[in-house]
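Protein chains in written order, with my numbering: chain A, 8 to 340; chain B, 21 to 316; chain C, 170 to 504. Just so you know, even glycine gets a beta-carbon here, dropped at the ideal spot from N, CA and C. Note that the structure is predicted; figures quoted are calculated from it, not measured.
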Amino acid sequence: MNELPLIQTADLKQHFPLHKGLFGGQGPVIRAVDGVSIDIPRRSVLGLVGESGSGKSTLGRAIMGLSRPTAGTMTFDGIDMARASSSELKSLRRRMQMVFQDPFSSLNPRMSIAETLSVPLRFHNPGLSRSRRKDRAAEMLERVGLPGQYISRFPHEFSGGQRQRIGIARALIVQPDFIMADEVVSALDVSVQAQVLNLFGRLQRDLELTMLFITHDLAVVGHISDFVAVMYLGRVVEFASTRELFSNPRHPYTEALLSAAPSPKSANRRKRIVLKGDIPSPLNPPSGCQFRTRCPYAVEDCSHEVPKLRELSPEHKAACIRDDLSLAPATQQ
Amino acid sequence: MTAAVEQRAASSTGSDWLKSRTVKRFIRHRLAITGVIMISLITFMCVVGPWLLPYNMLEIHIRDRFTPPLTGDYLFGTDEMGRDLAARLFMAGRISLMVGVAAMLLSTLIGTVIGLVAGYFGKVTGTLLMRLTDSFLCFPQVFLLLTLAAFLQPNAFMITLIIAATSWMEVARIVSAEIRSLRERDFVTAAKISGASHTWIMFRELLPNTVGPIIVAATLTVAKAILLEAYVSFLGYGIQPPLPSWGNMLNNAQQFLDTAPWLAIVPGVAITAAVTSFNFIGDGLRDALDARSDMP
Amino acid sequence: MTRVLTVENLNIGFRSEGRELPVVHDVSFTLEAGKTLALVGESGSGKSVTSLGIMRLLPPPPQSRARGKIILHSDEDIDLLSISEARMRRLRGDRIAMIFQEPLTSLNPVYTIGDQIIEAIRSHRAISARKARERAVELIDQVGIPDAAARLTTYPHELSGGMRQRIMIAIALALEPEILIADEPTTALDVTVQAQIIDLLRRLQAETGMAMLFITHDFGVVADIADRTIVMYAGQMVEHGQTEAVLETPLMPYTSGLMRAVPELETAGLNQGELQSIEGFVPNPASLPNGCAFHPRCTHTLSGICDVPPVPFEDAGNGHLVRCKRWQSILENAE
Ligand SMILES: Nc1ncnc2c1ncn2[C@@H]1O[C@H](COP(=O)(O)OP(=O)(O)OP(=O)(O)O)[C@@H](O)[C@H]1O
Ligand SMILES: Nc1ncnc2c1ncn2[C@@H]1O[C@H](COP(=O)(O)OP(=O)(O)O)[C@@H](O)[C@H]1O
Ligand code: SF4
Ligand code: SF4
Ligand SMILES: [Mg+2]
Ligand SMILES: [Mg+2]
């Protein structure tokens, strides 16, 4: 495990000014991502969970280099993205690809599948001839489980699950090392969701991909990830290997999330912790521990300072000042 | 919901699906079809009409001055010099339609490029371009047109340029609004991640998705351009006689309104017919393309 | 056990390109006071169309046609499909209320939530504005929003998704309906908020004794809220029974397939390998497969049996109904 992680972020922040002050003054700021430091080890899947608005997509976009972080660094394979030369950046861009949530808006309705899949090749492998590009596209399409002859069809001829496969093919066609997948199965039906998850799992193992898998669905994260990071109001509040997180949660928010996920089997029925209220606005988060307004275990000290993400055991970190809690796991042991 | 879309997606075959639906809707649009038929007729007459008629538009028949329509060989009668009005009308139609279509092409090109760039580069560039567009829109178009026409050599080419220069704003606004909503779509982000250049994203990813509204706007622009040309020529700043245009035919007819009203009525009807036809077609296209909004 | 609604052989079709496209086939069930019936199924299986059909909110004929019986039991039985639109409008909101998946689009953005609740009350009851206002405050309080009186003047966009759904519930409950139809009311919400809303609905049901028709695609939510469950596939009921029975011993291969396709929280991180997915996708209602609509995707399918109609909706005991020709042999093989 002494290998350098493929992705490392250090105190990454992404703030959005609400409305720019007329004279360049500082207006209110949305702290969408507020100091995130995570590592994604090579060939592993990091699941990122949290409620909507917790900053998952914003973090993902910052990692992909789609936005310029307000502060902090993002390192890919040891190269600081902010300092990379433009030729380095160009090759980094090829190595990082992304799959989107919405199977309907992520494909250009006016482009055939062949054209869509050729775009990344055209820019990242400029040497390839037109016919070679088309062959590669057809190969890739078969790899994601669609017949190669579908290549000349248009997006509207495909169902949501099939489009998601096309999105995966587009990401993989330039042979990346890293894939960011943002809520890729949320829009799909249950039966189709399983097909797409299986495809992801298979490709990740076969191609030895490193992956950031963003979702709000804990069961999905539990199935596909090696590690899980739980986000709340722009911060990572817990990070652990998947088994560890589900069997030994150390942050009250993780416990609440696990307990709220409904289960169809009566044997698995857990005691539910119903949190009070909503996630607070990222415009003025609570002082100290940001979770304290909803935390059932909050004490006076929680309002004083922001709890650090502390290492509790190897591969397990949590940001809660209380070590005396015994929180309910999702799994029976 | 996605259900309906998926069902359709799974059942439809061939990329002609959208086209055929759009075409069907257009065909069902009665006014639009009337417009198409009228425009085809007018165009046909303007192109071949002059050869079918017995007289050249410049031939002067002093004895047949002010012949009313449908008299002798003169379909629409003759003017104050005994020239065949039908021949003049069709030749004038060539000029007027050509000016209309050319001005449309040019203004659509200008408007599309400006709208595309403004919509795509939101920030400073976009704001500046849209301010420019808005300030052009502030001037009454006819005033702008007349000012320019008064300063410049009035010929068909110049008039086309001037009309185009004063009517690209509509298209620019439509395109920029369209692009601004499209550029937030995931497929644009996907293109960025694919390493695509700005030019590629603008012209290959975004532009094809705006052809519908552009075509509608362009059709309506033809109508407007024909009307503007008629207006300017009518006021005497446009196409100069002896080259006929529908506008300067009207100008000429003013003095004889009492004695030979057909001199005004004939080109007047031609202008109205052409303009309303293009407007009908534009409306029809808009409706036909509109149902596409439920498409992703 | 008082029945409040009986649906009998409900068939709904939409007119499309000159012919009628059936999307709901022979749906029958009853709703009982104080009980919840869940309607589960994948996208396009006809859940929303069924519920809109009951509310008579589908496009008017000939665009859509509903046949069968929908009987509202009260002093006398009323067949909702045969009464006038005016009469239906009086029942709607008053005796039967409905909440939807997307609470933002169901609320009018230009009116305050107070106005909307008061309007809902006053459109059916002749009471003073002050009385209606008091009732609105009471309702907002009842759905668990603190500071009820102050909330009357807020606009929908100022509220979070969970709060908006609470307001929708307040409006739906304003007239104490006997029946509440909830179409995926928690699908757009986070799990923590979903848990709040489900708790709220259960509490309100215990207080008012209303019957609930709860639509969802999530078996976990079903387990949490429903007494009885109907599984729908391609517009048909394919399984119907006590929730416990349907979830613990599903008899229809589609139901068990769906349940296996969802990863389980309990085995998270154990590297369970692949999920058991159902291959293919939901058929188009315009071209349903012959016989069992599920047969092209079913792992137990037997040609010559499964692709031959009819496929009866059989009672497997204890009122557990299943539409599968082979449920007995599948069950025996499993044991
Ligand atoms: N107005 C309509 N016109 C034509 N077909 C329709 C109409 N509304 C729904 N349908 C069709 O009826 C079928 C059932 O749709 P319905 O909305 O009831 O599905 P659902 O089970 O609620 O799905 P979801 O989980 O996506 O909400 C689908 O095939 C849908 O395409
Ligand atoms: N471009 C932006 N401008 C302003 N606020 C933004 C922008 N993008 C995201 N936000 C805000 O940042 C927060 C986190 O958003 P997001 O990362 O999308 O959350 P998630 O993916 O976890 O649902 C939200 O409050 C959101 O409104
Ligand atoms: S620090 Fe306090 S408020 Fe925050 S999670 Fe821990 S116990 Fe709860
Ligand atoms: S009838 Fe046959 S195809 Fe249908 S669910 Fe039963 S076993 Fe499967
Ligand atoms: Mg997101
Ligand atoms: Mg629905």
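Within its chain, find whatever has a CB closer than 7 Å to the CB of residue 201 of chain C; leave out the 5 residues flanking it on each side and keep chain order.
Within the third sequence, numbered from 1, the residue matching residue 201 of chain C stands at position 32. Here the set comprises 170, 171, 172, 173 and 380.
At which residues does the alpha helix (DSSP H) containing residue 259 of chain B begin and terminate?
Against the second sequence, residue 259 of chain B aligns to sequence position 239. Looking at the DSSP string, residue 259 of chain B is not in any alpha helix (DSSP H), and its letter there is neither H nor E.
Would residue 231 of chain B and residue 298 of chain B qualify as a contact pair, given that the criterion is a beta-carbon distance under 7 Å?
Within the second sequence, residue 231 of chain B is the residue found at index 211, counting from 1. Within the second sequence, residue 298 of chain B is the residue found at index 278, counting from 1. Taking 7 Å as the Cβ cut-off, residue 231 of chain B and residue 298 of chain B do not qualify as a contacting pair.
Do residue 248 of chain A and residue 234 of chain A have their C-beta atoms within less than 7 Å of each other?
Indexing the first sequence from 1 puts residue 248 of chain A at position 241. Indexing the first sequence from 1 puts residue 234 of chain A at position 227. Yes, the Cβ-Cβ distance between residue 248 of chain A and residue 234 of chain A is below 7 Å.
Considering only DSSP beta bridges, list what residue 234 of chain C is partnered with.
By one-based count along the third sequence, residue 234 of chain C stands at place 65. Residue 234 of chain C pairs with C/182.
Are the C-beta atoms of residue 182 of chain B and some chain A residue less than 7 Å apart?
The count along the second sequence starts at 1 and reaches residue 182 of chain B at position 162. So, not an interface residue.
Whole-angstrom Cβ separation of residue 95 of chain B and residue 112 of chain B, contact assumed at under 8 Å?
On the second sequence, position 75 is the one that residue 95 of chain B refers to. On the second sequence, position 92 is the one that residue 112 of chain B refers to. Wrong, their Cβ atoms sit about 14 Å apart, outside the cutoff.
Any heavy atom of ligand 3 closer than 6 Å to the Cβ of residue 246 of chain A?
The residue you call residue 246 of chain A lines up with position 239 of the first sequence. Checking every heavy atom of ligand 3 against the Cβ of residue 246 of chain A, none is found closer than 6 Å.
Report, in whole angstroms, the separation of the C-beta atoms of residue 457 of chain C and residue 495 of chain C, which I expect to be a contact under 8 Å.
Locating residue 457 of chain C in the third sequence gives position 288, where the first residue counts as 1. Locating residue 495 of chain C in the third sequence gives position 326, where the first residue counts as 1. No, residue 457 of chain C and residue 495 of chain C are not in contact; Cβ-Cβ is about 19 Å, not under 8 Å.
Please tell me whether residue 28 of chain A has its Cβ less than 7 Å away from any Cβ of chain C.
Here residue 28 of chain A refers to the residue found at position 21 of the first sequence. For residue 28 of chain A, the predicted structure reports a pLDDT of 49, less than 50, and the residue's modelled location is therefore unreliable. A value from the coordinates is still provided. No, residue 28 of chain A does not count as interfacial toward chain C.
If you compare alpha carbons, which of A/43, A/22, A/222 and A/260 is closest to residue 34 of chain A?
Here residue 34 of chain A corresponds to residue number 27 of the first sequence, with the count starting at 1. Just measuring C-alpha positions, the residue of A/43, A/22, A/222 and A/260 sitting nearest residue 34 of chain A is A/22.
What residues in its chain sit with their C-beta under 8 Å from that of residue 236 of chain A, if we drop five residues either side in the sequence?
Position 229 of the first sequence holds residue 236 of chain A. Cβ neighbours of residue 236 of chain A beyond the five flanking positions: 45, 53, 54, 55, 56, 243, 245 and 246.
Note down, in chain order, all residues in the region 176-208 of chain B with a beta-carbon under 7 Å from any beta-carbon belonging to chain A.
205, 206 and 207
Can you list, in chain order, the residues of the region 187-216 of chain A whose Cβ is nearer than 8 Å to any Cβ on chain C?
196, 197, 198, 199, 200, 201, 202, 204, 205, 208 and 209
I want to see whether chain C comes within less than 7 Å of residue 65 of chain A, judged by CB atoms only; does it?
Translated into positions along the first sequence, residue 65 of chain A becomes position 58. Taking Cβ atoms only, chain C never reaches closer than 7 Å to residue 65 of chain A, which makes this a no.
For residue 219 of chain A, would you say it is in contact with chain C, using Cβ-to-Cβ distances shorter than 7 Å as the test?
For the purposes of this step, residue 219 of chain A is identified with residue 212 of the first sequence, where counting begins at 1. For residue 219 of chain A, no Cβ of chain C is located within less than 7 Å of the residue's own Cβ.
Once the 5 residues before and after residue 266 of chain B are set aside, which same chain residues still bring their CB inside 6 Å of it?
Looking up residue 266 of chain B in the second sequence gives position 246. Excluding positions up to five away in sequence, the list reads 112, 116, 250, 287, 290 and 291.
What residues in the region 433-455 of chain C bring their beta carbon closer than 8 Å to a beta carbon of chain A?
433, 434, 435, 436, 437, 438, 439, 441, 443, 444, 445, 446, 447, 448, 450 and 451
For residue 397 of chain C, name the three-state secondary structure that DSSP assigns.
By 1-based counting over the third sequence, the position of residue 397 of chain C is 228. Residue 397 of chain C falls in the strand class under three-state DSSP.
Using 6 Å as the cut-off, classify the Cβ of residue 304 of chain A as near or not near the heavy atoms of ligand 3, replying yes or no.
Residue 304 of chain A sits at position 297 when you count from the first residue of the first sequence. Flag set: Cβ of residue 304 of chain A near ligand 3.
With DSSP run on the structure shown, which of helix, strand or coil describes residue 313 of chain A?
Indexing the first sequence from 1 puts residue 313 of chain A at position 306. Look at residue 313 of chain A here: in three-state DSSP terms it is coil, with no helix or strand label.
Is any heavy atom of ligand 6 found at a distance shorter than 6 Å from the C-beta of residue 217 of chain C?
As a working note, residue 217 of chain C is residue 48 in the third sequence. Yes; taking the cut-off as 6 Å, the Cβ of residue 217 of chain C has a heavy atom of ligand 6 nearer than that.
From which residue to which residue does the beta strand (DSSP E) around residue 237 of chain A run?
The residue labelled residue 237 of chain A in the question sits at position 230 within the first sequence. According to the DSSP assignment, residue 237 of chain A belongs to the beta strand (DSSP E) that extends over 234-239.
Excluding sequence positions up to five away, which residues of its chain have a Cβ less than 6 Å from the Cβ of residue 451 of chain C?
Stepping through the third sequence from its first residue, residue 451 of chain C is reached at position 282. These residues qualify, in order along the chain: 211 and 213.
Using DSSP's beta-bridge definition, name the partner residues of residue 173 of chain B.
Counting from 1 along the second sequence, the entry for residue 173 of chain B is found at position 153. The partner list for residue 173 of chain B (beta bridge, DSSP) is empty, contrary to what the question assumes.
Given a threshold of 16 other Cβ atoms within 10 Å of its Cβ, counted over all protein chains shown, does residue 184 of chain A qualify as buried or as exposed?
What you label residue 184 of chain A is simply residue 177 of the first sequence in a count that begins at 1. By the neighbour-count rule (16 or more Cβ atoms within 10 Å), residue 184 of chain A is buried.
Identify which residue in C/501, C/415 and C/473 has its Cα closest to the Cα of residue 488 of chain C.
Residue mapping note: residue 488 of chain C aligns to position 319 of the third sequence, counting from 1. Among C/501, C/415 and C/473, the Cα nearest to that of residue 488 of chain C belongs to C/415.
CA-CA distance, residue 263 of chain C and residue 303 of chain A?
One-based indexing of the third sequence puts residue 263 of chain C at position 94. One-based indexing of the first sequence puts residue 303 of chain A at position 296. When rounded, the distance between both Cα atoms is 39 Å.
If you measure between the beta carbons of residue 325 of chain C and residue 278 of chain C, is that distance less than 7 Å?
As a working note, residue 325 of chain C is residue 156 in the third sequence. As a working note, residue 278 of chain C is residue 109 in the third sequence. Against a cut-off of 7 Å, the Cβ pair of residue 278 of chain C and residue 325 of chain C comes out as a contact.
Are the C-beta of residue 115 of chain A and some C-beta of chain B separated by less than 7 Å?
As a working mapping, residue 115 of chain A is identified with position 108 in the first sequence. Yes - at least one Cβ of chain B is within 7 Å of the one on residue 115 of chain A.
State the CB to CB distance for the pair residue 71 of chain A and residue 213 of chain B, rounded to an integer number of angstroms; the pair is presumed to be in contact (CB under 8 Å).
If you number the first sequence from 1, residue 71 of chain A lands on position 64. If you number the second sequence from 1, residue 213 of chain B lands on position 193. Contact holds; Cβ gap of about 7 Å.
CA-CA distance, residue 108 of chain B and residue 69 of chain B?
Start at 1 with the first residue of the second sequence, and residue 108 of chain B comes out as number 88. Start at 1 with the first residue of the second sequence, and residue 69 of chain B comes out as number 49. Their backbone Cα atoms lie some 10 Å apart in a straight line.
Would you call the CB atoms of residue 461 of chain C and residue 491 of chain C closer than 7 Å?
Against the third sequence, residue 461 of chain C aligns to sequence position 292. Against the third sequence, residue 491 of chain C aligns to sequence position 322. Cβ distance not < 7 Å, so residue 461 of chain C and residue 491 of chain C don't count as in contact.
How far does the beta strand (DSSP E) with residue 405 of chain C in it reach, from first residue to last?
Here residue 405 of chain C refers to the residue found at position 236 of the third sequence. Note, residue 405 of chain C: beta strand (DSSP E), 405-411.
Please list the partners that residue 338 of chain A has in chain C, where partner means a Cβ-to-Cβ separation under 8 Å.
Translated into positions along the first sequence, residue 338 of chain A becomes position 331. Residues of chain C passing the Cβ test: 434, 435, 436 and 437.
Excluding sequence positions up to five away, which residues of its chain have a Cβ less than 7 Å from the Cβ of residue 98 of chain B?
The residue labelled residue 98 of chain B in the question sits at position 78 within the second sequence. Cβ neighbours of residue 98 of chain B beyond the five flanking positions: 81, 84, 85, 86, 87, 104 and 105.
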